[in-house]
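Report on one structure; see the data block that follows.
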Amino acid sequence: MTNEIKRKNAIKDYYGKGKHVYEDEMGFRERMKSEARSLVAREVFRYHVEEVGLNLAFYYPPTDTFYAIYNEVRPVEVYTMPRDRRRSDFIGWQCECNPHEEDQRIATFEDITEVWDGLKIDGKDFEEVINHSYIVALN
483 MTNEIKRKNA IKDYYGKGKH VYEDEMGFRE RMKSEARSLV AREVFRYHVE
533 EVGLNLAFYY PPTDTFYAIY NEVRPVEVYT MPRDRRRSDF IGWQCECNPH
583 EEDQRIATFE DITEVWDGLK IDGKDFEEVI NHSYIVALN
């Protein structure tokens, strides 16, 4: 008998056949939490995005959409990121991280500190969205 922990798929075949994203990889991952010295999503966001000034990109499965928060411009801009489904059968290879068109902008905020409480996606608060998203970039 093994003591192996069975991981639950969150996104099947994300990067290829059998290359799944697991539930424990959704939201801010352990390394990100460790760097922020917090297990609380709000505090991890505050550290990486508000204090350090990083951009954040993530895939939200309920909307099947990639999003990006651009923290390097003012006002702060939130976009859907383009996807090219012809590029690959696998979601992880479909995201185009090219500059975005105006019609892809879904929100603007005068200051990055307004994003956490102000951004809604699919009618959900940002905390719920980010905890159920796969973070693809924090840079």
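First residue of the sequence shown? That's 483 in the numbering used here, and the numbers climb one at a time after it. Heads up, the beta-carbon is just placed ideally off N, CA and C, and yes, glycines get one too. Quantities reported herein were computed from a predicted structural model and do not represent experimental measurements.
Beta-bridge pairing of residue i - partner residues as DSSP gives them
| i | result |
| --- | --- |
| Thr547 | Tyr542 |
| Glu559 | Tyr552 and Thr590 |
| Ile493 | Val503 |
| Ile617 | Phe540 |
| Cys577 | Arg565 |
Simplified DSSP assignment, three categories, for residue i
| i | result |
| --- | --- |
| Asp604 | coil |
| Asp566 | coil |
| Val487 | According to the sequence displayed, residue 487 carries Ile and not Val. Three-state result, Ile487: coil. |
| His502 | strand |
| Val522 | coil |
Range covered by the beta strand (DSSP E) that runs through residue i
| i | result |
| --- | --- |
| Val534 | It is not in any beta strand (DSSP E) - Val534 carries neither H nor E in the DSSP assignment. |
Supposed close pair residue i, residue j - CB separation, criterion 8 Å
| i | j | result |
| --- | --- | --- |
| Asn613 | Ala523 | 6 Å |
| Glu505 | Lys490 | 5 Å |
| Tyr541 | Val618 | 6 Å |
| Glu584 | Pro564 | Contact doesn't hold; Cβ gap of about 13 Å is too wide. |
Across the stretch 569-577 and the stretch 590-597, are there enough close Cβ pairs to call them in contact, namely three or more that are closer than 8 Å? no
Does the contact criterion of 3 or more C-beta pairs under 8 Å hold for the stretch 555-573 versus the stretch 511-526? no
Is there contact between the stretch 554-566 and the stretch 582-592, where contact requires at least three CB pairs shorter than 8 Å? yes
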